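Written below as structure tokens is the structure these notes are about.
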Amino acid sequence: RGGERVEAVFSQAQWDYGQDFESWVLHEDKQLLVLAKPAGLLMHPLGNSWLESAEAALREPQPNLAGLLQRVRPELLKGGISRCGIVHRLDRQTSGVLLIAKTASAQQALMDDFKFRRMRKLYRAIVRGVPADKSPRVDAPIGRKPGHRRVIVTPFGKPAETAFKVVATGKNAALVEARPVTGRTHQIRAHLALLGHPVMGDVEFDRKTEGQPWPSRLMLHAYKVELAHPGTSKPVSFTAELPKDFKDFWARCRKKAG
Numbered sequence: 196r197g198g199e200r201v202e203a204v205f206s207q208a209q210w211d212y213g214q215d216f217e218s219w220v221l222h223e224d225k226q227l228l229v230l231a232k233p234a235g236l237l238m239h240p241l242g243n244s245w246l247e248s249a250e251a252a253l254r255e256p257q258p259n260l261a262g263l264l265q266r267v268r269p270e271l272l273k274g275g276i277s278r279c280g281i282v283h284r285l286d287r288q289t290s291g292v293l294l295i296a297k298t299a300s301a302q303q304a305l306m307d308d309f310k311f312r313r314m315r316k317l318y319r320a321i322v323r324g325v326p327a328d329k330s331p332r333v334d335a336p337i338g339r340k341p342g343h344r345r346v347i348v349t350p351f352g353k354p355a356e357t358a359f360k361v362v363a364t365g366k367n368a369a370l371v372e373a374r375p376v377t378g379r380t381h382q383i384r385a386h387l388a389l390l391g392h393p394v395m396g397d398v399e400f401d402r403k404t405e406g407q408p409w410p411s412r413l414m415l416h417a418y419k420v421e422l423a424h425p426g427t428s429k430p431v432s433f434t435a436e437l438p439k440d441f442k443d444f445w446a447r448c449r450k451k452a453g
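Counting from 196, one number per residue, gives the positions in the sequence shown under my numbering.
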């Protein structure tokens, strides 16, 4: 008003996510922080402003991990660490294991491990329908649909490969384990959709079916990560148990089968 500029700064201390942060910690040492990320939490603000100024994540009105890390682990802004130690991402509605580097050397080691596919990542997904092949493997390139943010299988995309295994079945639903060989954006979701068994709750690929339950979010969970510790090089494994909403929804699917 009257040419005045008003800037609103949102305090992440007001977010419920911040109050629960310590309960997400699966492991922490001098080199590595491992979290069980809850569904609904953004990794960082949309756009690239936070890469130029870390404080932009603090001003973001929506809960985001980059902003929370600055508040609860301020040391991640020092020592040459970039992006608050974040080395990989999970979709907003995906829960599960997330690795955060606590030193610049650990960050580089973890980024190299992702780049050269030295990590083993396992996901759990509840999919629509029951695959006839209990151990399907998809090797199909994926990329952005022209003019859209949506990722699709396309011959013009980047190579992508995922191994799947059916863990359990319900009525017109299955609990599936996914092991991405490559690490493309939305790879698991796109490959399951290609198989004709999209992740339930996936607004991009799934469609609500009459008489079938619809979840409150994407039923995809990063279950386990196996890697060489960035500080000791010894093999380590971290597991995030299935969250309550995921287990409750699967129980509904199993009940339908009974």
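Virtual Cβ for every residue (Gly too), placed ideally from N, Cα, C. Here the structure is a predicted model, which is why all the values come from computation and not from measurement.
In the DSSP annotation of this structure, G262 is not part of any beta strand (DSSP E); the continuous alpha helix (DSSP H) holding it starts and ends at L260 to V267.
Counting only the Cα atoms, G274 lies some 42 Å from P393. The beta-bridge partner set that DSSP reports for F359 consists of A373.
S277 and A423 have their C-alpha atoms roughly 21 Å apart. If only uninterrupted alpha helix (DSSP H) runs of at least 4 residues are considered, those enclosed by the region 380-440 are 382-389. Under the DSSP assignment, L221 falls outside any alpha helix (DSSP H), being part of the beta strand (DSSP E) whose first and last residues are V220 to E223. Taking all protein chains in view, the Cβ of Q214 is surrounded by fewer than 16 other Cβ atoms within 10 Å, so the residue is classified as exposed. Per the coordinates, the alpha-carbon of M314 lies some 16 Å from the alpha-carbon of A435.
Residues S330 and E372 of the same chain have their beta carbon placed closer than 6 Å to that of K360, with the five preceding and five following residues left out of the count.
Under the three-state reduction of DSSP output, D328 falls in the coil class, being neither helix nor strand.
The region 347-357 makes no contact with the region 279-291, as fewer than three CB pairs between them are under 8 Å. Rounded to whole angstroms, the separation of the alpha carbons of C448 and V322 is 10 Å. A368 is classed as buried because its beta carbon has at least 16 other beta carbons within 10 Å across all chains shown.
Counted as a single uninterrupted DSSP element, the beta strand (DSSP E) harbouring S290 occupies residues S290 to A296.
Using a 10 angstroms sphere on the CB of G342, the tally of other CB atoms stays under 16, which defines it as exposed. In the DSSP annotation of this structure, the continuous segment of the alpha helix (DSSP H) that includes L305 starts and ends at A299 to K310. Judged by their CB atoms, F444 and S411 are nearer to each other than the 9 Å cut-off. Distance from the CA of M306 to the CA of I281, rounded to the nearest whole angstrom, comes to 9 Å. Ranked by Cα distance from K442, the first of V420, P430 and H416 is H416. Under the three-state reduction of DSSP output, L285 falls in the coil class, being neither helix nor strand. Here G391 is exposed: its Cβ has fewer than 16 other Cβ atoms, across all protein chains shown, within 10 Å. Judged by beta-carbon spacing, L237 lies beyond the 9 Å limit of P269, meaning their Cβ atoms are not closer than that value. The beta-carbon distance between A355 and T377, rounded to whole angstroms, is 5 Å. This is short enough to meet the 8 Å contact definition. In the structure shown, the three-state DSSP call for R313 is coil.
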